[in-house]
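Taking the numbering used here, the leading residue of the sequence shown gets 5, the next gets one more, and so forth.
Everything on this sheet refers to the single structure shown next.
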Amino acid sequence: MTSRDKTSPTSDPRKRRSRGEVRKKTGQTATLRPAFPSPQRGGQSGALAQSPSLPMTPTSFQSERVPAGWQHRHLLDLERLTGDEIRLLLDTAALFKEATDHCRRKLTVLTGSTVVNLFFENSTRTRTSFSLAARRLGADVIDFSASTSSLSKGESFIDTARNLEAMGIDAVVVRHSTPGTPHLLAQHLDVGVINAGDGPHEHPTQGLLDIFSIRERLGDLTGVTVGLVGDIAHSRTARSNLWGLLKLGAKVILCGPPTLVSQRWRELGVEVSHDLDAIVPRCDVLNLLRIQFERQNTRPFPSVREYAHLYAMTSDRLTRAKPDLLILAPGPINRGVEMTAEVADCRQSLILDQVTNGLAVRMGVLWLTCGPREPAAARVHVPPVSDARTRG
Ligand code: CP
5 MTSRDKTSPT SDPRKRRSRG EVRKKTGQTA TLRPAFPSPQ RGGQSGALAQ SPSLPMTPTS
65 FQSERVPAGW QHRHLLDLER LTGDEIRLLL DTAALFKEAT DHCRRKLTVL TGSTVVNLFF
125 ENSTRTRTSF SLAARRLGAD VIDFSASTSS LSKGESFIDT ARNLEAMGID AVVVRHSTPG
185 TPHLLAQHLD VGVINAGDGP HEHPTQGLLD IFSIRERLGD LTGVTVGLVG DIAHSRTARS
245 NLWGLLKLGA KVILCGPPTL VSQRWRELGV EVSHDLDAIV PRCDVLNLLR IQFERQNTRP
305 FPSVREYAHL YAMTSDRLTR AKPDLLILAP GPINRGVEMT AEVADCRQSL ILDQVTNGLA
365 VRMGVLWLTC GPREPAAARV HVPPVSDART RG
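What follows is the structure in structure tokens.
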């Protein structure tokens, strides 16, 4: 037993309830253990080597506190996280995936907490899975509706958020078309702020769930070649993947038309290609990104048909890929544009696994941002987003 295990019970109901052992409906108990496969390529079983800084054992969860390796109040982007912090997020997600029987069962570790979804852009996956993830951990969820709120009476965005905070909430999950909106909120709120997508800047939980899905299949990402294909210029998913993958040692290739993939990305240590056929045979993973027409002022190619001819993943291109090439897509997907229907539904496609893993990742993120922590993890200054990071 560690000194942390001897922590006295407190009056905080979350601290009393958050045990490393969770009670199943059957009355059995389940422990929070990681479930990563062997680091061998294509491995489906075995245990990934443990890092000493990570919460890989049930004991660390029984300490009832967020691990000391996580010192952030918010999750704003992956650019400013270290590789160890990203691994800790992924490992925490794995613990929750197993403890909730593949994200289906409920825990009580955040009972008494309230999470507010503050979405100013449409969403199917992110909004629903944040709501479900919070409920799976026992938290209450409020789905804020901007269109029926008092924003229409002239109340400012910050005043709205501060009023919600005054109701005793614990975290805000925010999606907004303006880059840096979550960072702005974090400067004004004391509760946790989680970025659910800020314009073309970042979508950190999407990056994490993509990387989680790759790691679940391939283990350690060192040396794994990941192609991000499509509208890199307007893709927040591309940016979050890029930062996360690079920090975990993967090789990243950005691929798409020159109007959507600038050669300047090479300055960040990635390869840039405009030729999908040339990169397909070298990739272990392809992440096929949607063309973000809603963020474009002018059409970046003559026709969707021409784009699909050059950049859609097809069964024919699959025949020239490695046999175990993994196909990812953040969704929503447009069959016939980023990929054909056959590719979307092929045996290597992880598209629906990604959605399930999104629940695990969001449970991990909510726990790390809302869970009980040592007093030292105080509010930190959040610098604004650099313009350079939001340009294609
Ligand atoms: N991938 C993603 O963010 O999907 P939604 O827009 O449906 O949330």
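Ideal placement from N, C-alpha and C gives every residue a C-beta, glycine not left out.
- Ranking 339, 298, 325 and 305 by CA distance to the CA of residue 316 puts 339 first.
- In the structure shown, residue 167 falls within a helical segment according to DSSP collapsed to helix, strand and coil.
- In this structure the region 256 to 269 does not lie against the region 194 to 211, because fewer than three pairs of beta carbons, one per stretch, are closer than 8 Å.
- Put simply, of 106, 318 and 206 the residue whose alpha carbon is nearest the alpha carbon of residue 357 is 106.
- Counting other Cβ atoms within 10 Å of its Cβ, residue 133 reaches 16 or more and is therefore classed as buried.
- Minimum Cα-Cα distance from residue 286 among the listed residues 277, 262 and 296 corresponds to 277.
- In the DSSP assignment, residue 136 falls within the alpha helix (DSSP H) that extends over 129 to 140.
- Counting only the Cα atoms, residue 87 lies some 24 Å from residue 237.
- Our two residues, residue 190 and residue 78, have alpha carbons roughly 7 Å apart in a direct line.
- Less than 8 Å divides the Cβ of residue 90 from the Cβ of residue 82.
- Residue side-chain check: residue 183 keeps its Cβ at 7 Å or more from all non-hydrogen atoms of the ligand CP.
- Apart from sequence neighbours up to five positions away, the residues of its chain that approach residue 122 with a beta-carbon distance below 6 Å are 148, 176 and 178, ordered along the chain.
- For residue 214, the secondary structure class from DSSP, reduced to helix, strand or coil, is helix.
- Taking residue 163 as the centre and dropping the five residues before and after it, the same chain places no C-beta closer than 8 Å to its C-beta.
- In this structure residue 354 does not touch residue 337 by the C-beta definition: roughly 12 Å separates them, more than the 8 Å allowed.
- Distances from the alpha-carbon of residue 173 to those of 117, 157 and 192 put 117 closest.
- If you check the CB distance, residue 225 and residue 249 come in under 8 Å.
- Here residue 201 carries a strand assignment [DSSP, helix/strand/coil].
- Within the model, the alpha-carbon separation for residue 207 versus residue 323 is close to 32 Å.
- Residue environment: residue 291 is assigned as buried (16 or more neighbouring CB atoms within 10 Å of its CB, all protein chains considered).
- DSSP places residue 120 in the strand class (E or B) of the three-state scheme.
- With 16 or more other CB atoms across the displayed protein chains lying within 10 angstroms of its CB, residue 205 is buried.
- Residue ranges of uninterrupted beta strand (DSSP E) with 3 or more members, entirely inside the region 283 to 337 and ordered along the chain, are 289 to 292 and 330 to 332.
- Residue nearest to residue 170 within the set 241, 120 and 94 is 120 (criterion: CA-CA distance).
- Within the region 68 to 125, complete beta strand (DSSP E) segments of at least 3 residues are found at 118 to 123, given in chain order.
- The alpha carbon of residue 326 has as its nearest neighbour, out of 281, 260 and 215, the alpha carbon of 281.
- Within 7 Å of the C-beta of residue 238 there is not a single heavy atom belonging to the ligand CP.
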